[in-house]
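Worksheet: the structure to be examined is printed underneath.
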Amino acid sequence: MSQLENNCTMLVNSCDSYEDCWEAFFELLLIQWQDFNMKIVLNTETKNYSYKGLSIETMRLCRKEMPWGKRLIETLKRIDTKYILFALDDFYLERPVRVEELRKCYGYMEQNPKIAYFSFMPTDDKNNVASTKYSGFEKRSQNGDYRLNCQFALWNRETLLSFIRSHESPWEWELYGSKRSRRYKQEMYSICADVPPVFFYKNGGCIMRGRWYLSRVQPLIDRYGLNIDLTKRESYEDFISKPSLHKRKIFRGIKNRIHKLMSLI
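Heads up: the sequence shown begins at 17 in this note's numbering, then just goes up one per residue.
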């Protein structure tokens, strides 16, 4: 086992209601990262889970009504490694992982404790600056949008923990947390758009607002024979065509304004 595996935990952030997504995630993980040997924490609420060939811990810390931010904080506190490889449960890998590049990022973070993360999804921000130290990555702009995000990334665990607020949803953390982060001094890096990805998956994952992106997940089912019951979720393509969508957006907008006041503190 290398230093990376010894000092890093893969944190797959999820919840009980996404149980139908887990098998496909871990199956594709083993297909695309064949020598995988890292401890995994699957962040659920009350459910346990195992997958043959993987060491998966489910801490099952809380009631279902506990906010996303609070549950993530409590989970991170119980992980004892210095680094976190952060992922969401619908980030279905489509190509082999470039493990040596991941190891390089781990080495960079060991050498420079000011680095908060290396994100493995490009960010569309013209104010990013290509790094002269870390080939293939660019330094995030101090005032950039979505400096905090839920994409596949190698994080300093303590730094990630300090960035989260207990009341926030993932969308609020990405939006309002990124605004808060303008006063943070840590360095943040994202992979350049013109280099081969370390982790290749669809930006945003295969689920949107709890609904399958059929145009994303069906080709993977066909290619790998994944065991996914698509009848358990409405498709996002069907959802966005419904006339009731406008009313839901209004309600969500009111809720977001309330949380914005809490999140910028």
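Here a beta-carbon is modelled for each residue, glycine too, at the ideal position from N, C-alpha and C.
* **First and last residue of the uninterrupted alpha helix (DSSP H) at M75** => Careful: M75 lies outside any alpha helix (DSSP H) and carries neither H nor E.
* Asked: Which of helix, strand or coil does DSSP assign to N53?
  -> coil
* In terms of residues, what are the limits of the alpha helix (DSSP H) holding W171? -> Looking at the DSSP string, W171 is not in any alpha helix (DSSP H); the run it does join, the beta strand (DSSP E), is A169 to N172.
* **Inter-stretch contact (C-beta, 8 Å, three-pair minimum) for the stretch 41 to 49 and the stretch 230 to 243** => yes
* Closest residue to N144 among M224, H183, L191 and G160 (Cα-Cα distance) -> G160
* For N23, which option in K98, D36 and T62 has the closest C-alpha, if you only look at C-alpha atoms? -> K98
* Kindly indicate which residue of N172, L177, W187 and R163 has the alpha-carbon position closest to the one of K195. => R163
* Hey, out of G226, D51 and I207, whose CA is closest to F168's CA? -> I207
* Asked: If you draw a straight line from the C-alpha of Q158 to the C-alpha of R198, how long is it?
  -> 6 Å
* Residues near K263 in its chain [Cβ-Cβ closer than 6 Å; skip 5 each side] -> Only weak support exists for where K263 lies, its pLDDT of 49 falling under 50; the value from the coordinates is given anyway. So the list is empty, once near-sequence residues are dropped.
* Burial state of A146 (16 or more Cβ within 10 Å) -> exposed
* Asked: Between the stretch 51 to 70 and the stretch 23 to 38, are three or more C-beta pairs nearer than 8 Å?
  -> yes
* Asked: Taking three-plus beta-carbon pairs below 8 Å as touching, is the stretch 107 to 115 in contact with the stretch 210 to 228?
  -> yes
* Inter-residue Cα distance where the pair is R239 and Y200 -> 43 Å
* How is K86 classed by DSSP in three states: helix, strand or coil? -> helix
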